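Chemist: For the sequence shown, counting from 1, position 138 maps to 138 in UniProt numbering; every step adds exactly one. Cβ coordinates follow ideal geometry from the N, Cα and C atoms, glycine included. Keep in mind that this is a model prediction, so the values were computed, not measured. Just dropping this structure here.
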Amino acid sequence: MEQHPAANHVIRVATSRVMNEDEKQHSAESNGNGTMSVKLEEAMSTKDCKGGAPARKINDGSSRSDGAPGMAMAPMMKVEAEMMQLQKEIEQKSKFKRICVFCGSKSGKKAVFSQAALQLGKELVDRKVELVYGGGSIGLMGLISKTVFEGGCHVIGVIPEALTSHQMAEQAIGEMRVVADMHERKAEMARIADAFIAMPGGYGTLEELLEMITWSQLGIHDKPVGLLNVDGYYDSLLTLFDKSVEEGFMKVGARQIVLSAPTPKELLTKMQEYVPVHDIVASRQSWEIQQLEFFST
Numbered sequence: 001m002e003q004h005p006a007a008n009h010v011i012r013v014a015t016s017r018v019m020n021e022d023e024k025q026h027s028a029e030s031n032g033n034g035t036m037s038v039k040l041e042e043a044m045s046t047k048d049c050k051g052g053a054p055a056r057k058i059n060d061g062s063s064r065s066d067g068a069p070g071m072a073m074a075p076m077m078k079v080e081a082e083m084m085q086l087q088k089e090i091e092q093k094s095k096f097k098r099i100c101v102f103c104g105s106k107s108g109k110k111a112v113f114s115q116a117a118l119q120l121g122k123e124l125v126d127r128k129v130e131l132v133y134g135g136g137s138i139g140l141m142g143l144i145s146k147t148v149f150e151g152g153c154h155v156i157g158v159i160p161e162a163l164t165s166h167q168m169a170e171q172a173i174g175e176m177r178v179v180a181d182m183h184e185r186k187a188e189m190a191r192i193a194d195a196f197i198a199m200p201g202g203y204g205t206l207e208e209l210l211e212m213i214t215w216s217q218l219g220i221h222d223k224p225v226g227l228l229n230v231d232g233y234y235d236s237l238l239t240l241f242d243k244s245v246e247e248g249f250m251k252v253g254a255r256q257i258v259l260s261a262p263t264p265k266e267l268l269t270k271m272q273e274y275v276p277v278h279d280i281v282a283s284r285q286s287w288e289i290q291q292l293e294f295f296s297t
């Protein structure tokens, strides 16, 4: 795994720290009186270290190992722990402020679909990513929106006025934006989100997913589009995409727009690393300047 520049800095600091400890030890042991001239800045543990001899007390009240390698073991163990914590923070930090999730207003027959919605919601919370979704409070939409909202992250629901009575429960979750129709809904979701994920769902989910893929192919946006392929739900769709390339209806670059993974963590990692490589065949539209004008004509 490629290390973050910040991680390399920690390694350099750690190496310097250990070298300083070794120099102090050498200076102390070479003292003419045979006593310590320098007190260690970090007290060594009296317990055995890996590969070192049992520690013993010395005159200045600190402890050391009879084996030379043991002197650097405690600082190194501390640095390794710092490195692991730093790496964890780097992995959890997301470059996305908001991710739009397309998913069903039903939960599906298998419990694995609901579990995936909860897992994705928790991953977004861990990465401090806001949720943009279809505004429904039932089915998979309800599960993921509640998870993100209760985890302390902002939730934005975008729903056409005609669907408010069908997909919303009595109480809305997070901020709710009611729009005129389905076209405005997709435009608003695309404008405010930094990436898109499709969970298992029906026609509505597929329609939203395919439109985001098409807009990426046309150069309207260059945001990552991911499929959370829970229990192989999207295997047939991915096979169809491959068939389109094979039969000459889709370029290889366009096929690479779609990312997929079976778990939320794997998918988000792929999306973090995504670099647009597809052909751009239309002028890119600016969501900030044009806003919804492009879609209202």
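1. Check Ser114 in the structure and name its three-state DSSP category.
2. Under a three-way DSSP split, which group does Met76 fall into?
3. State the DSSP-derived secondary structure class of Met141, mapped to helix, strand or coil.
4. For the alpha helix (DSSP H) that Ala190 lies in, which residues bound it at each end?
5. Would you please state the rounded distance, in angstroms, between the beta carbons of Val158 and Leu131? I believe it to be under 8 Å.
6. In this structure, does DSSP put Ala199 in helix, strand or coil?
7. Would you tell me roughly how many angstroms separate the C-alpha atoms of Asp222 and Phe113, rounded to the nearest one?
8. If you draw a straight line from the alpha carbon of Val79 to that of Ala111, how long is it in whole angstroms?
9. Determine, using beta carbons only, whether Gly121 and Ile99 come nearer to each other than 8 Å.
10. Could you confirm whether any beta carbon from chain C is found closer than 8 Å to the beta carbon of Asp194?
11. Within its chain, find whatever has a CB closer than 7 Å to the CB of Gly139; leave out the 5 residues flanking it on each side and keep chain order.
12. Any idea if Gly248 is buried or exposed, counting beta-carbon neighbours within 10 angstroms, 16 or more meaning buried?
13. Is it true that the CB of Met141 sits closer than 8 Å to the CB of Gly152?
14. CB-CB under 7 Å to Met212, same chain, minus the five flanking residues each way: which ones, in chain order?
15. Could you check what DSSP says for Met212 in three-state terms: helix, strand or coil?
16. Since Ala261 sits in a beta bridge, which residues does DSSP pair it with?
17. Would you grab the beta carbon distance between Leu227 and Ala254 for me? Rounded to a whole angstrom, and I think it's under 8 Å.
18. What span of residues does the alpha helix (DSSP H) with Leu237 cover, start to end?
19. Could you spell out the range, first to last residue, of the beta strand (DSSP E) harbouring Gly219?
20. Identify which residue in Gln115, Gly136 and Phe149 has its Cα closest to the Cα of Leu124.
21. Compute the distance between the beta-carbons of Tyr234 and Ser216, then report whether it is under 8 Å.
22. Give the secondary structure of Leu206 by DSSP, where H, G and I count as helix, E and B as strand, and everything else as coil.
23. Within its chain, find whatever has a CB closer than 6 Å to the CB of Glu161; leave out the 5 residues flanking it on each side and keep chain order.
24. Enumerate in chain order the residues of its own chain whose CB-to-CB distance from Pro276 is below 6 Å, with the five nearest sequence positions on each side excluded.
25. Candidates Gly204, Thr263 and Glu266: which alpha carbon is nearest Gly136's?
26. Give the C-beta separation of Gly201 and Phe102 to the nearest angstrom, bearing in mind that I take them to be a contact with Cβ-Cβ under 8 Å.
Modeler: In short:
1. helix
2. helix
3. helix
4. Met182 to Ile192
5. Their Cβ separation, rounded to whole angstroms, is 11 Å, which puts Val158 and Leu131 out of contact at 8 Å.
6. A small correction: the amino acid at residue 199 is Met; Ala does not occupy that position in the sequence shown. Coil.
7. 28 Å
8. 42 Å
9. no
10. Protein chains in the displayed structure number just one, and chain C is not present.
11. Gly104, Ser105, Lys106 and Ser107
12. exposed
13. no
14. Ala190, Phe196 and Val225
15. helix
16. Leu228
17. That belief does not hold up - the Cβ atoms of Leu227 and Ala254 are roughly 15 Å apart, past 8 Å.
18. Asp235 to Glu246
19. That residue, Gly219, is in no beta strand (DSSP E); it is neither H nor E in DSSP.
20. Phe149
21. no
22. helix
23. Val178
24. Asp222
25. Gly204
26. 6 Å
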